[in-house]
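A short write-up of the structure that comes next.
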Amino acid sequence: MKAMNPMKLFGSVRPATKNKTITYLMVLIFFGISGILVQTGSVGSLFTGLLVPMCYYIIMAVSLNLTVGILGELSLGHAGFMCVGAYVGGIFSLLTKDAISQVWIRFPLAMLIGGLCAALMGILIGVPILRLRGDYLAIVTLAFGEIIRKVVQNIYIVSDKNGLHFSFVNTVNPASIDLATKEEILNGPMAVSGIPKDTTLWIAVLMVMITLFVIMNLVDSRSGRAIMAIRDNRIAAEATGISITRHKLIVFVTSSFFAGLAGVLYAHFSTITPVKFDYNMSILILVFVVLGGIGNIRGSVIAAVILYALPELLRGFQNYRMLIYAIVLIVMMLLNNNAKFIQFKAGLGRKLFHRKAKEAA
Amino acid sequence: MSYLEVTNIGISFGGLRAVDDFCLNIEKGQLYGLIGPNGAGKTTVFNLLTGVYQPDKGKVELDGVNLTGRSPVEINQNGIARTFQNIRLFNNLTVQDNVKAGLHNQNSYSVFEGILRLPRYRRQEQAMDKRAVELLKVFDLDQEKDTLASNLPYGKQRKLEIVRAMATHPKLLLLDEPAAGMNPNETAELMETIQFVRGHFDMTILLIEHDMKLVSGICEELTVLNFGSVLVQGNTGDVLNNPEVITAYLGD
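Residue numbers (my numbering), protein chains in the order written: chain A, 173 to 533; chain B, -14 to 237.
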């Protein structure tokens, strides 16, 4: 019997499929090894604490890359969608934690509701700005992100035996509240307390995988092709019969859904305050996307992991921390545009691949 | 009743009447030329026909369907495909994906079927791949199917634009200066390609061109546009020898 040539076997797979498989494997291997290290106690608590945030930052970066890289529209309000997801999902869990005691029902529901509310926001913001492009779109999304944060910062919700009390002004009027059963749920700019800490590493990794699955398959399908056609040439896309409205909305909805999902993970992991979802967060995610390579999903994953972990791991350098961080950003930026480095990367991939093939033969 | 019937369309930009009372009748299977000096409004006519601009009066009908005032997407779905004077390809997509983008509306699997990789996705994607390669083969571009569109040489980019337009399964093909920037050899090849498209796909073609060799070589009828209105219409030979046309091009 003739031995199968592994090179050939791999060669018959579509390049897009191969690319996706590598990305999935990369994520699984990274978090698999990290998980084992955490279990065996070989890494410190600092690193352990970074793993879950890495997951939701990956989800944020990948979903933003859909808007910025695949559709080619600059969005500066991604944190706003995360904020919606975090608060809606978080409050849902807070209110139902007694009613639905099983985590495996409550948490997926929270993620779904948080994601859907963020997606709804995506439609609400998406429809009026469909005609905007470039800088104008960036300005509107930036304002939107800030508006969301400011609104959340001014919501006060208190529950008692009569139900929920809302206020936009200040702590809900105490006269109308039954003080014996009073429970503060949202207290404006203060942190929300009492959200069950349901986010575990494996759920977060699962969500990363789902996000990657949906977004990469979307990109590698009829709709994805249409979205990229719009990015490359809007006028030609229209003349080819591709509806711009429809595909822009698909992108806004998908992107904001996953940002909302990341928000839910966030809310069930650490404490949330409105200030966390400010302009800086949006820019941070954008930095992940840009440095990972615009339109490059795997790049976003890698950049999110490295750039999120770096400032935390550099805490030892104290005051020089942000200096080193800035230098790393600049070096990454230069390398990404350097023809020699790109060649080197490609060559490295080929070498590794050849060795594997030889070993297998 | 003609296949394409354009009656009295016009449009103004500010105070300028860019196109006025433009009429055009093309029969099925005809190869028709639209010529005129620079700035005569030829591309504006194309933009009116494809819905990029909305005519402020008049009517456009193709195969008995009224297309006046429709959006570019609807007009394409109703059978008009075009190429552009300055090439507009999807530069970061491969040659094959450019053609598959053209096949977009002939497939119907939904976003969810695409994400979940359901059987209809696989079936239609395979059919699309096959169809795209078939089309590329017809135009002798199948060797380059995995190349990025932006990396193709100029002549092939022009060709790919035609393939993409043909992929949308049009009834009428509009070519906006297909020979612009081509050397004589490439132009000769292009003439063959256009003739071939017409024969092979039984296509009706309207083209804008400045290259008189190409125009006199392949067009059966011509319309000459000058300052936004029709100067002369008729057989290619007659039109090109018309003293008014010569004056419009060369001056008194």
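Quick reminder that beta carbons are idealized off the backbone N, C-alpha and C, glycines included.
task: Answer with buried or exposed for residue 185 of chain B, where buried requires no fewer than 16 other C-beta atoms within 10 angstroms of its C-beta.
output: Against the second sequence, residue 185 of chain B aligns to sequence position 200. Residue 185 of chain B comes out exposed.
Buried versus exposed call for residue 97 of chain B [16 or more other C-beta atoms within 10 Å across all chains shown]: On the second sequence, position 112 is the one that residue 97 of chain B refers to. Label assigned to residue 97 of chain B: exposed.
query: Taking a cut of 7 Å between CB atoms, which residues from the region 401 to 426 of chain A lie near chain B?
result: 401, 404, 405, 407, 408, 410, 411, 412, 413, 414, 415 and 422
query: Residue range of the beta strand (DSSP E) that residue 219 of chain B falls in?
result: The residue labelled residue 219 of chain B in the question sits at position 234 within the second sequence. Element bounds for residue 219 of chain B: 214 to 220.
query: At a Cβ cut of 7 Å, what residues of the region 78 to 91 of chain B count as close to chain A, listed as they run along the chain?
result: 78, 82, 85, 86, 87, 89 and 90
- prompt: In chain A, which residues lie less than 7 Å from residue 57 of chain B when you measure between Cβ atoms?
  reply: By 1-based counting over the second sequence, the position of residue 57 of chain B is 72. Near residue 57 of chain B (Cβ distances below 7 Å), the residues of chain A are 410 and 411.
Residues near residue 396 of chain A by beta carbon distance below 6 Å, same chain, minus five either side: Along the first sequence, one-based indexing puts residue 396 of chain A at 224. 390, listed in sequence order.
Chain A contact for residue 96 of chain B (CB, 8 Å cutoff): Your numbering for residue 96 of chain B matches position 111 in the second sequence. Chain A contact via Cβ: present.
- prompt: How do the region 204 to 223 of chain B and the region 152 to 170 of chain B stand: do at least 3 beta-carbon pairs fall below 8 Å, yes or no?
  reply: no
message: Just to confirm my understanding: we take residue 484 of chain A, look at its own chain, exclude 5 residues before and 5 after, and list those with CB closer than 6 Å. What are they?
response: One-based indexing of the first sequence puts residue 484 of chain A at position 312. Excluding sequence neighbours, residue 484 of chain A sits near 222.
message: Report the start-end ranges of each alpha helix (DSSP H) in the region 237 to 270 of chain A that is 4 residues or longer and not cut off at the edges.
response: 250 to 268
- prompt: List, in order along the chain, the chain A residues whose C-beta lies closer than 7 Å to that of residue 106 of chain B?
  reply: Position 121 of the second sequence holds residue 106 of chain B. Here the neighbours are 393.
message: So, at 6 Å on beta carbons, what are the nonlocal neighbours of residue 279 of chain A in its own chain, with the 5 sequence-adjacent residues on each side left out?
response: Taking the first sequence and counting its residues from 1, one reaches residue 279 of chain A at position 107. Within the same chain, residue 279 of chain A has close Cβ partners 370.
message: Rounded to the nearest angstrom, what separates residue 199 of chain B and residue 176 of chain B at their Cα positions?
response: Here residue 199 of chain B refers to the residue found at position 214 when the second sequence is read from its first residue. Here residue 176 of chain B refers to the residue found at position 191 when the second sequence is read from its first residue. Roughly 7 Å separates the two Cα atoms.
field: Of the residues A/199, A/431, A/288 and A/449, the one placed nearest residue 589 of chain A, counting alpha carbons only
entry: Residue 589 of chain A falls outside the range modelled here, since chain A spans only 173 to 533, and no answer is possible.
- prompt: Going along chain B in order, which residues have a C-beta closer than 8 Å to the C-beta of residue 397 of chain A?
  reply: In the first sequence, residue 397 of chain A corresponds to position 225, counting from 1. Simply 78, 82, 85, 86 and 89.
- request: Tell me whether residue 23 of chain B is buried or exposed, calling it buried when 16 or more other Cβ atoms sit within 10 Å of its Cβ.
  value: For the purposes of this step, residue 23 of chain B is identified with residue 38 of the second sequence, where counting begins at 1. By the neighbour-count rule (16 or more Cβ atoms within 10 Å), residue 23 of chain B is not buried but exposed.
query: So who's on the other strand from residue 44 of chain B, going by DSSP bridges?
result: Locating residue 44 of chain B in the second sequence gives position 59, where the first residue counts as 1. According to DSSP, residue 44 of chain B bridges with B/-8.
- request: State the CB to CB distance for the pair residue 291 of chain A and residue 428 of chain A, rounded to an integer number of angstroms; the pair is presumed to be in contact (CB under 8 Å).
  value: Indexing the first sequence from 1 puts residue 291 of chain A at position 119. Indexing the first sequence from 1 puts residue 428 of chain A at position 256. So it is a contact: roughly 5 Å between Cβ atoms.
query: Do the region 108 to 124 of chain B and the region 88 to 96 of chain B make contact, defined as three or more Cβ pairs closer than 8 Å?
result: yes
- prompt: Is the beta carbon of residue 423 of chain A less than 8 Å from the beta carbon of residue 238 of chain A?
  reply: Working through the first sequence from its first residue, we reach residue 423 of chain A at position 251. Working through the first sequence from its first residue, we reach residue 238 of chain A at position 66. In this structure, residue 238 of chain A lies closer than 8 Å to residue 423 of chain A by Cβ.
task: Classify residue 522 of chain A as buried or exposed, calling it buried when 16 or more other Cβ atoms lie within 10 Å of its own Cβ.
output: Within the first sequence, the letter at position 350 stands for residue 522 of chain A. So residue 522 of chain A counts as exposed.
query: Name the chain B residues that come within less than 7 Å of residue 565 of chain A, Cβ to Cβ?
result: In the structure as shown, chain A begins at 173 and stops at 533. Residue 565 of chain A is therefore absent and cannot be evaluated.
query: Which one of A/421, A/492, A/486 and A/476 has the shortest CA to CA distance from residue 539 of chain A?
result: Nothing about residue 539 of chain A can be reported from this structure: the residues present for chain A run from 173 to 533 only.
- prompt: Can you tell which of A/497, A/488, A/511 and A/481 has the C-alpha that lies nearest to the C-alpha of residue 220 of chain A?
  reply: Here residue 220 of chain A corresponds to residue number 48 of the first sequence, with the count starting at 1. The candidate whose alpha carbon is nearest that of residue 220 of chain A is A/481.
task: To the nearest angstrom, report how far apart residue 490 of chain A and residue 453 of chain A are at their CA atoms.
output: Reading the first sequence from its first residue, position 318 is the one you call residue 490 of chain A. Reading the first sequence from its first residue, position 281 is the one you call residue 453 of chain A. If you take the alpha carbons of residue 490 of chain A and residue 453 of chain A, they lie about 22 Å apart.
field: contact_flag[the region 14 to 23 of chain B, the region 49 to 68 of chain B] where n(CB pairs < 8 Å) is 3 or more
entry: no
query: If you draw a straight line from the C-alpha of residue 361 of chain A to the C-alpha of residue 435 of chain A, how long is it?
result: Counting from 1 along the first sequence, the entry for residue 361 of chain A is found at position 189. Counting from 1 along the first sequence, the entry for residue 435 of chain A is found at position 263. When rounded, the distance between both Cα atoms is 17 Å.
task: May I ask you to list, following chain order, the residues of the region 169 to 186 of chain B that have a beta carbon less than 8 Å from some beta carbon of chain A?
output: none
- prompt: Can residue 268 of chain B and residue 27 of chain B be called in contact, C-beta distance under 8 Å?
  reply: Residue 268 of chain B cannot be examined here, being either before or after the span of chain B that is shown, -14 to 237.
Cβ neighbour criterion (16 or more within 10 Å) applied to residue 174 of chain A: Walking along the first sequence from the start, residue 174 of chain A turns up at place 2. With a pLDDT of only 46 at residue 174 of chain A, under the threshold of 50, the placement of this residue in the model should not be trusted, and no figure is reported.
query: Is the CB-CB distance between residue 58 of chain B and residue 415 of chain A below 8 Å?
result: On the second sequence, residue 58 of chain B is found 73 positions in, with the first residue counted as 1. On the first sequence, residue 415 of chain A is found 243 positions in, with the first residue counted as 1. Yes, they are a contact pair.
- request: Mind listing, in chain order, the continuous alpha helix (DSSP H) runs of no fewer than 4 residues lying wholly within the region 379 to 412 of chain A?
  value: 394 to 404 and 406 to 411
query: CB residue 43 of chain B to CB residue -6 of chain B, shorter than 8 Å?
result: Working through the second sequence from its first residue, we reach residue 43 of chain B at position 58. Working through the second sequence from its first residue, we reach residue -6 of chain B at position 9. It is a contact, given that the beta carbons lie within the stated cut-off.
Inter-stretch contact at 8 Å, needing at least 3 Cβ pairs: the region 399 to 413 of chain A / the region 323 to 335 of chain A: no
- request: Using the Cα positions of residue 156 of chain B and residue 441 of chain A, report the straight-line distance between them to the nearest angstrom.
  value: One-based indexing of the second sequence puts residue 156 of chain B at position 171. One-based indexing of the first sequence puts residue 441 of chain A at position 269. One C-alpha to the other measures close to 58 Å.
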